[in-house]
Amino acid sequence: VHLDPGQERLLRGEGGEAKQFAMEIVTKVGDAVDAGSLVPIKSAHVLAHYSSLHEAGVEVLERFARGGGKFSVPTTVDPASIDLKNWRTFGIGEEYARQQFRLCQAYAELGGIPCWTCVQYQVCNFPKPGEAVAWAESSSVVFANSVIGCRSNKVTSGMDVACAILGVTPKFGMLEDANRRATVSFRASFGEPSDLDYRSLGFFIGRNAGARVPALAGLPASVTSDDLKHLGAAAAAAGPVTMIHFIGITPGSRTVREAASDDSVEEIPVTRADLDAVEGDLNQSSDTPDLVALGVPHLSVSELGHLANLLGGKKLRPGTKMYAYTSSQAYEMAARTGIASDIEAAGARLSQSTDAEISPLKKMGFNTVLTNSAKLAEIVSSEGEVKVRYSPLRQIVEEVTS
Amino acid sequence: LSRRDFRGRSLVPGTAEGEALVSERAFTFAHGVDPATGRVTDVRSDIRGAEVRGRVLFYPFGKGSTTASSWFLETVRLGNGPSSIVTDSVDLSAVIGSVMASLLYGRRIPVVSGFSAALRVAFKSGARVRVDGATGEVAILE
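Right under this line is the structure:
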């Protein structure tokens, strides 16, 4: 990778230890992937949950912070592994919380924007189409490339912080036009989708696109940005997807032909039977759930409003808890509008600044989780400590309330 | 004795030898490998239950969370990391995880891409394999 004289100086350590460490990471990765140069980014998004960064990840962050690192571009921070305000009432132990707070401390020193959300694009990080960014959080990267039309690779932990400190990222992958072309096309060939169908469809695409860049045609006009958020999250959970050309939605992808830059690509119809097969795969249990987990990615205030309507006048049955995971910003709006108290009146709780897939569910005492998130279902079954069931939201509410 | 060689794309340099552990499916360390044991836990993996420690790990491409490089790094920190990784398309989390492992723990874990399903017919789990990350060469030793 070609470095300019200023970047050479940083690599030699003339900008301090943190920038030197960051340059070592970024140039080694840039060399590996044959990036021609390091290009400026407009924002970064970095990972912060102890459950996935582990001790090794905490050491990396503390090394950056000790070395005097400061983020040089607006940098939003992904959720923590605990509700940072109310962790004690969610059954989190002191020692676990202490490890998470080491990460929070490092990010305070580095200058992260403490939004603690995986939907930073719904809260406080709004790139414009065409801009280069360096985002971690696979679901947000798919949203960035596919809905916003900005450009990000799936920047994984360690390099996320390095890019945020330097304000640059190696130019390769999704930053280059040639790699963004659609090379396979899916067509939604079933009726009006439910909430679950969007997620199952995403999972199907993630599993069947392989390393190709998928386009998706046939979505109804009623599809919301929240639906696309969940679809993209499921796709990224199931495969290496970093972008989906949503035909008629993604900037520059009005038709499959345009998304594929006039190449002809394989078209794969997605039928009701395909969605049923995904549901069957993600449903790994028939046990009574002790936790209903809604989120993954974080619910928006409008999704919380929808949940409040479904719960209207009902009560959770004893023995089942329901947590709706959201950002503190959406929580605040839900509180002001009365949505939060409506949800709580049914016996459910809102959890801020964390999300279910990065919470220590087993340590919190749960054995079977019921969700409409394909991403959560995939992750929980992968870890194998907690059983998982996967159902549409309407059906979940019917099952666990009276 | 037959000897099969393959020259792929060099991603992270270093040389390694080990027993091949071959998956035909999307693979991730994130939530899919227990760092404390190096054992594959992912129910959707065709190598579930296998241990990655010391193995030359083959898979077509990555999937899932961008925390994968930290799961990888933690697995290395605890002494349970693979000796090398060989993929079809570039898995950025393997590249970043390997770069971090060398910077933090001085562990060289070569990474090579450009492999294919057709080549995996010859490279079976259990075969003794040598990887040279600098040249991209992957060879079956016996």
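Protein chains in written order, with the working numbering: chain B, 27 to 428; chain H, -10 to 131. Virtual Cβ for every residue (Gly too), placed ideally from N, Cα, C.
> Does any C-beta atom of chain H lie closer than 9 Å to the C-beta of Lys255 of chain B?
Replying inline: Not an interface residue.
>> Could you give the first and the last residue of the continuous beta strand (DSSP E) run that contains Met348 of chain B?
In response: Following the DSSP letters along the chain, one finds Met348 of chain B inside the beta strand (DSSP E) bounded by residues Lys347 to Thr352.
>> On the DSSP letters alone, give me the boundaries of the alpha helix (DSSP H) that Gly228 of chain B sits inside.
In response: Taken as a continuous stretch (DSSP letters only), the alpha helix (DSSP H) holding Gly228 of chain B covers Asp221 to Asn234.
>> So, at 8 Å on beta carbons, what are the nonlocal neighbours of Ser311 of chain B in its own chain, with the 5 sequence-adjacent residues on each side left out?
In response: Taken in chain order, the residues that qualify are Thr394, Lys413, Val414 and Arg415.
> Three-state secondary structure (DSSP) at Lys154 of chain B?
Replying inline: When DSSP states are grouped into helix, strand and coil, Lys154 of chain B belongs to the coil group.
>> Quick test of your reading: Pro24 of chain H and Leu81 of chain H, contact by CB under 8 Å. State the CB separation rounded to the nearest angstrom.
In response: Actually they do not touch by this definition, with Cβ atoms about 19 Å apart.
> Residue range of the beta strand (DSSP E) that Pro295 of chain B falls in?
Replying inline: Start and end: Glu292 to Val296.
> Since Ser172 of chain B and Thr276 of chain B are thought to touch, with beta carbons under 8 Å apart, how far apart are those beta carbons, to the nearest angstrom?
Replying inline: 5 Å between Cβ atoms; contact.
> Cβ of Val1 of chain H less than 9 Å from any chain B Cβ?
Replying inline: With a threshold of 9 Å between beta carbons, Val1 of chain H makes contact with chain B.
>> On a Cα-Cα basis, can you pick out the residue from B:Glu411, B:Leu342, B:His256 and B:Gly117 that is closest to Thr30 of chain H?
In response: Cα-wise, what sits closest to Thr30 of chain H is B:Glu411.
> Residues of chain B with CB under 9 Å from Leu46 of chain H, in chain order?
Replying inline: Those within 9 Å of Leu46 of chain H in chain B number zero; the least Cβ separation is about 16 Å.
> Taking all protein chains shown into account, do 16 or more other C-beta atoms lie within 10 angstroms of the C-beta of Gly217 of chain B, making it buried, or fewer, making it exposed?
Replying inline: Counting Cβ neighbours within 10 Å, Gly217 of chain B comes out exposed, since fewer than 16 surround it.
>> Is the beta carbon of Phe104 of chain H closer than 9 Å to that of Phe(-5) of chain H?
In response: Contact flag set, yes.
> Under the DSSP definition of a beta bridge, which residues are partnered with Thr397 of chain B?
Replying inline: Bridge partners of Thr397 of chain B: B:Tyr416.
>> Among B:Val103, B:Ile108, B:Gly321 and B:Val187, whose alpha-carbon lies nearest the alpha-carbon of Pro386 of chain B?
In response: The residue among B:Val103, B:Ile108, B:Gly321 and B:Val187 with its C-alpha nearest the C-alpha of Pro386 of chain B is B:Ile108.
> Between the segment 48 to 80 of chain H and chain B, which residues of the former have CB atoms less than 8 Å from a CB of the latter, in chain order?
Replying inline: If the cut-off is 8 Å between Cβ atoms, the segment 48 to 80 of chain H has Pro49, Phe50, Gly51, Lys52, Gly53, Ser54, Thr55, Thr56, Ala57, Ser58, Ser59, Trp60, Leu62, Glu63, Val65, Arg66, Asp77, Ser78, Val79 and Asp80 near chain B.
>> By alpha-carbon positions, which one of B:Asp368, B:Lys255, B:Val27 and B:Cys176 ends up nearest to Gly339 of chain B?
In response: If you compare the alpha carbons of B:Asp368, B:Lys255, B:Val27 and B:Cys176 with that of Gly339 of chain B, the shortest gap goes to B:Asp368.
>> Distance check for Pro295 of chain B and Ser215 of chain B, CA to CA, integer angstroms please.
In response: Rounded to whole angstroms, Ser215 of chain B to Pro295 of chain B spans 6 Å at the Cα level.
>> With three or more beta-carbon pairs closer than 8 Å as the criterion, would you say the segment 372 to 389 of chain B touches the segment 75 to 95 of chain B?
In response: With a cut-off of 8 Å, the segment 75 to 95 of chain B and the segment 372 to 389 of chain B count as touching, because enough Cβ pairs lie within range.
>> Counting only beta-carbon separations shorter than 9 Å, does Ile98 of chain H have a partner in chain B?
In response: Output row for Ile98 of chain H: interface = no.
> Are the segment 56 to 66 of chain H and the segment 84 to 103 of chain H touching by the rule of at least three beta carbon pairs closer than 8 Å?
Replying inline: Per the Cβ contact rule, the segment 56 to 66 of chain H is in contact with the segment 84 to 103 of chain H (3 or more Cβ pairs under 8 Å).
> Which residues share a DSSP beta bridge with Thr101 of chain B?
Replying inline: DSSP output for Thr101 of chain B lists B:Ala70 as bridge partner(s).
> When you check each C-beta in the segment 164 to 185 of chain B against every C-beta of chain H, which residues fall closer than 8 Å?
Replying inline: Answer set for the segment 164 to 185 of chain B: Ser164, Val167, Asn179, Lys180, Val181, Thr182, Ser183, Gly184 and Met185.
> Distance, Cα to Cα, Leu(-10) of chain H vs Arg117 of chain H?
Replying inline: Legend: pLDDT at Leu(-10) of chain H = 35, less than 50; position of this residue unreliable, value from coordinates given subsequently. Cα-Cα distance, rounded: 13 Å.
> When we look at the beta-carbon of Leu130 of chain H and count the other beta-carbons within 10 Å, is it buried (16 or more) or exposed?
Replying inline: With fewer than 16 other Cβ atoms within 10 Å, it is exposed.
> Which residue from B:His324, B:Ile273, B:Leu337 and B:Ala262 puts its Cα closest to that of Ser165 of chain B?
Replying inline: Of the candidates B:His324, B:Ile273, B:Leu337 and B:Ala262, the one whose C-alpha sits nearest the C-alpha of Ser165 of chain B is B:Ala262.
>> If we require 4 or more residues per run, which alpha helix (DSSP H) segments fall completely within the segment 154 to 186 of chain B?
In response: When DSSP assignments are scanned along the segment 154 to 186 of chain B, the uninterrupted stretches of alpha helix (DSSP H) that are 4 or more residues long and fall wholly within it turn out to be 164 to 169.
>> DSSP has Gly7 of chain H in a bridge; who is on the other side?
In response: When DSSP reads this structure, Gly7 of chain H sits in a beta bridge with H:Val118.
> Whose C-alpha, out of H:Phe50, H:Val79 and H:Ala39, is nearest the C-alpha of Gly70 of chain H?
Replying inline: Measuring C-alpha to C-alpha distances from Gly70 of chain H to each of H:Phe50, H:Val79 and H:Ala39 identifies H:Ala39 as the nearest.
>> Taking its Cβ as the centre, do 16 or more other Cβ atoms sit within 10 Å of Val110 of chain H, making it buried, or is it exposed?
In response: Exposed is the label assigned to Val110 of chain H, since fewer than 16 other Cβ atoms lie within 10 Å of its Cβ.
> Is it true that the CB of His71 of chain B sits closer than 9 Å to the CB of Asp30 of chain B?
Replying inline: Contact annotation: Asp30 of chain B and His71 of chain B have beta-carbon atoms that are not nearer than 9 Å.
> When the distance is taken between beta carbons, is Glu120 of chain B closer than 9 Å to Gln146 of chain B?
Replying inline: It is not a contact, given that the beta carbons lie outside the stated cut-off.
> Can Pro266 of chain B and Gly228 of chain B be called in contact, C-beta distance under 9 Å?
Replying inline: With contacts defined as CB atoms closer than 9 Å, Pro266 of chain B and Gly228 of chain B fail to qualify as a contacting pair.
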